[in-house]
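Novice:
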Amino acid sequence: MRRGGLRAGALRAVGAMAVGALTAAAVAGCSGRNQVPSIGYAVDAVIASYNGGSTLGANSGAAAVFPRVLTGFFYTGPQGQPVADTDYGTAKEVPGEAQTIQYRLNPDGVYSDGVPTSCDDLVLEWAARSGRFTKPGPGGPIPLFDAADTTGYSDIERVECQPGSKDATVVFRPDRHFLQWKTLFNAADLMPAHVAAQAAGVANVVGAVQSGDPAAMDKLSQFWNTGWNLKPGNLDTKLFPSSGPYKIESFSDGDGLVLVKNDKWWGNQPRTPRVVVWPKNTDLKKKVGDKAVGVIDIGAGSVKDLSLNGFDVQQQPGRGAEQLVLSTAGVFASPDARRAFALCVPRQALFDKLGHPGYDAKSGLGSGPLNSRTVQADSIYYPAIVGPADKYRGGDAGAAQQALGAAKIANPTVRIGYRAPDDRRAQTVAMIADSCKQAGITVVDAGAPDFIPTQLGDKVDAVLGGTAAAPGPSGSLSGVEATAALHGGQGLNFGHYGNGRYDAIADQLAADDNSATVLNLDTEAENLLWSEMPSIPLFDTPRTIAFGDGMEDGIANPTKAGAGWNMDRWVLKR
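Positions -28 to -1, 1 to 546 (mature numbering (1 follows the signal peptide of the UniProt record, and there is no 0)) are the ones given, in order, by the sequence shown.
Written out as structure tokens, the structure reads:
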């Protein structure tokens, strides 16, 4: 979702004060304790790809696992805002007829395999996410690269780069201005071009991109799409060099994803030499009982009867949107069917029971059912654009039944998929099933441990998840992922929703910050989306973020970056 209310500079100042206060308190309480050499980090990301710019990487939670392994010009801070990472390099907008950003990588920057960081990495990222490299498909050209989204990157005309250089100039198309340019070339997105080049047998990535060499781009795309996929077991660590404080040592079901200190890191050294990431489907109760975790970041209520004695537990509304993403095929091929289903979904009751555990916000995030897909509940625009949502607040089985009759749809079955086990989402499906059965709609719980949102339209009719159908941490202040998830042709658009007017609105909002224009466009977009119903927003996803007693510098980040956003600053004393 897009645009919260606070300015990033103020937020960073608040964050810095919070760090100082938290650290002072922790140090005072930890005298006489010893620092542990390894911290377990349990997060409900799936860990499926190193490549956060790919559809698989973005959806499975790369941004929450690898922000201090693969660094970039910005990272996502605790309020969802982009924060500059000057250890990696600097980025500044410079005057000119066309929007132009100058990037300068740190001269000391080097991957853990000894290869210097370079502007080649930016060129590869732009090529992969620009949408301009395609191949013939049955219905016309299709992208070579399976990018999560092309937002911003598709507006770039060229990336000026001499191979191996530490400098790059990014020039946007003369007719485009991208307001959220700080969301580009970021942590967990910028991939090592030299690895892709070697694996694909392409001698010069920059040359291949600049010339548009079809054979070279095809080879590069094949590796970019799947070459950085992660599966527990024997991992060829040569394919996964690090540009951050930590690097991957190993990944297995039994031992988790083991991150260790990167000796080639040129910035402040990580304060704890080893972090073990335990992904979703880990037996979290056992890990907590064994004292194998020191940090927990999961969906609130997702693990039934989880006891967190010995932790400082924070329940917070996230920047991610808990929602149902609907297929636009099968039972939901028509907007009539999607609207009828939405009428029986008890959004208010779902929020009341599951949407605000442990907090009672009067306004803003977590204060009620979520009434927008693209504007955040703490935005100044939010109160004015939520009108159409009221019709779909209460779970009106009678209205749903009437709508089904008018659409000549009899006794439909709706299969809802999500990554299981997840107790809150199981309860969500059960409540929807109970409400909708009165309208003649049969709702089936299709949650599974191996569920992925690409099954939408085939094995399931709806996906229950966060922003862009993410199973774990999701959302940011910019809302790029939320907008892309409904934009035609984007990897994160799992429901394959397409509406030219919505796409035009989204593109205009990316470039125009005039408040009157923004309000009018937001209002038009929500009216359109409530009419066509490609998704059903429920509430701001509540997160449970817990730091073990004795933790220093543990700072909650209920966004796509998760609590691991600053893991290199963690110290746990026991």
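Every residue, glycine too, gets a C-beta built ideally from N, C-alpha and C.
Everything numeric in this text was worked out from a predicted model, so none of it was measured.
In terms of DSSP beta bridges, what is residue 515 paired with?
Specialist: DSSP output for residue 515 lists 271 and 288 as bridge partner(s).
Novice: Which residues in the same chain have their Cβ closer than 8 Å to the Cβ of residue 86, if we skip the five residues on either side of it in sequence?
Specialist: Hits under 8 Å: 236.
Novice: Would residue 198 be called buried (16 or more neighbouring beta carbons within 10 Å of its own) or exposed?
Specialist: Residue 198 is exposed by the Cβ-count criterion.
Novice: Looking at residue 367: is its Cβ nearer than 8 Å to the Cβ of residue 318?
Specialist: Yes; because the gap between Cβ atoms is below 8 Å, this pair is in contact.
Novice: Figure out for me which residue from 226, 286 and 249 has the closest Cα to the Cα of residue 232.
Specialist: Checked all of 226, 286 and 249; the closest Cα to residue 232 is 249.
Novice: What are the residues that DSSP puts in a beta bridge with residue 14?
Specialist: Its beta-bridge partners are 250 and 268.
Novice: Quick check: the segment 505 to 519 against the segment 290 to 299, are there 3 or more CB pairs under 8 Å?
Specialist: Segments in contact, yes.
Novice: Apart from the five residues on each side of it in sequence, which residues of its chain come closer than 6 Å, Cβ to Cβ, to residue 113?
Specialist: Same-chain partners within the cutoff: 106.
Novice: Buried or exposed: which applies to residue 69, given that a residue is buried once 16 or more other Cβ atoms fall within 10 Å of its Cβ?
Specialist: Exposed is the call here.
Novice: Taking the C-alpha atoms as reference points, what is the distance between residue 384 and residue 415?
Specialist: Computed Cα separation, rounded: 9 Å.
Novice: For a test of the three-state rule: what should DSSP assign to residue 192, helix, strand or coil?
Specialist: In the structure shown, residue 192 sits in a helix (DSSP, three-state: H, G or I).
Novice: What residue does the alpha helix (DSSP H) around residue 64 start on, and which one ends it?
Specialist: No alpha helix (DSSP H) contains residue 64, which is instead part of the beta strand (DSSP E) from 61 to 66.
Novice: Measure the beta-carbon distance from residue 511 to residue 284 and round it to whole angstroms, keeping in mind my assumption that it falls under 8 Å.
Specialist: With a Cβ gap of about 24 Å, residue 511 and residue 284 do not count as contacting.
Novice: On the criterion of 16 or more Cβ atoms from any shown chain inside 10 Å, does residue 401 qualify as buried, or is it exposed?
Specialist: Buried, because 16 or more other Cβ atoms sit within 10 Å of the Cβ of residue 401.
Novice: Give the straight-line distance between the Cα atoms of residue 21 and residue 96, rounded to the nearest whole angstrom.
Specialist: Cα-Cα distance, rounded: 17 Å.
Novice: Provide the residue span of the beta strand (DSSP E) that contains residue 233, from first to last.
Specialist: Its beta strand (DSSP E) spans residues 228 to 233.
Novice: Buried or exposed: residue 352, going by 16 or more other Cβ atoms within 10 Å of its Cβ?
Specialist: Exposed.
Novice: Tell me, please, which residues DSSP counts as bridged to residue 523.
Specialist: In DSSP, residue 523 forms a bridge with 544.
Novice: If I measure Cβ to Cβ from residue 311 and keep anything under 7 Å in the same chain, skipping five residues before and after, which residues do I get?
Specialist: Taken in chain order, the residues that qualify are 375 and 505.
Novice: Count the CB pairs spanning the segment 42 to 53 and the segment 120 to 131 that are closer than 8 Å, and state whether there are at least three.
Specialist: No, they do not touch.
Novice: Start and end of the alpha helix (DSSP H) containing residue 313?
Specialist: That run of the alpha helix (DSSP H) goes 307 to 316.
Novice: If distances are taken between C-alpha atoms only, which option among 466, 457 and 396 comes closest to residue 430?
Specialist: Ranking the options by Cα distance to residue 430, first place goes to 466.
Novice: Looking only at its chain, what residues have a beta carbon closer than 6 Å to the beta carbon of residue 221, apart from the 5 residues adjacent to it on each side?
Specialist: Excluding residues within five positions, the ones whose Cβ falls inside 6 Å are 230 and 232.
Novice: Would you kindly work out how many angstroms separate the C-alpha atoms of residue 363 and residue 462, rounded to a whole number?
Specialist: One C-alpha to the other measures close to 29 Å.
Novice: Distance, Cα to Cα, residue 321 vs residue 15?
Specialist: Looking at the two C-alpha atoms, the distance is approximately 27 Å.
Novice: At a cut of 8 Å, does the segment 48 to 67 reach the segment 526 to 542 through at least three beta carbon pairs?
Specialist: Contact between the segment 48 to 67 and the segment 526 to 542 is present, because at least three Cβ pairs lie under 8 Å.
Novice: Would you give the residue range spanned by the alpha helix (DSSP H) that residue 481 belongs to?
Specialist: That run of the alpha helix (DSSP H) goes 472 to 481.
Novice: At what residues does the beta strand (DSSP E) containing residue 436 begin and finish?
Specialist: Where residue 436 is concerned, the enclosing beta strand (DSSP E) stretches over 434 to 437.
Novice: Is residue 325 helix, strand or coil by DSSP?
Specialist: Reduced to three states, the DSSP call for residue 325 is helix.
Novice: In terms of residues, what are the limits of the alpha helix (DSSP H) holding residue 389?
Specialist: Element bounds for residue 389: not the alpha helix (DSSP H) but the beta strand (DSSP E), 385 to 389.
Novice: Give the DSSP-derived three-state secondary structure of residue 547 in the structure shown.
Specialist: Outside the shown range of the chain, which is -28 to 546, sits residue 547, and nothing can be said about it.
Novice: Determine the direct distance from the alpha carbon of residue 492 to that of residue 444, and round the result to whole angstroms.
Specialist: When rounded, the distance between both Cα atoms is 32 Å.
Novice: Counting pairs of beta carbons, one from the segment 132 to 139 and one from the segment 471 to 483, are three or more of them closer than 8 Å?
Specialist: No, the segment 132 to 139 is not in contact with the segment 471 to 483.
Novice: Which stretch, first to last residue, makes up the alpha helix (DSSP H) that contains residue 495?
Specialist: Unbroken alpha helix (DSSP H) run through residue 495: 487 to 504.
Novice: Can you tell me whether residue 547 is helix, strand or coil according to DSSP?
Specialist: In this structure the chain extends from -28 to 546, so residue 547 is not present and cannot be described.
Novice: Can you tell me which of the three DSSP states residue 417 falls into?
Specialist: In this structure, residue 417 counts as strand in the three-state DSSP scheme.
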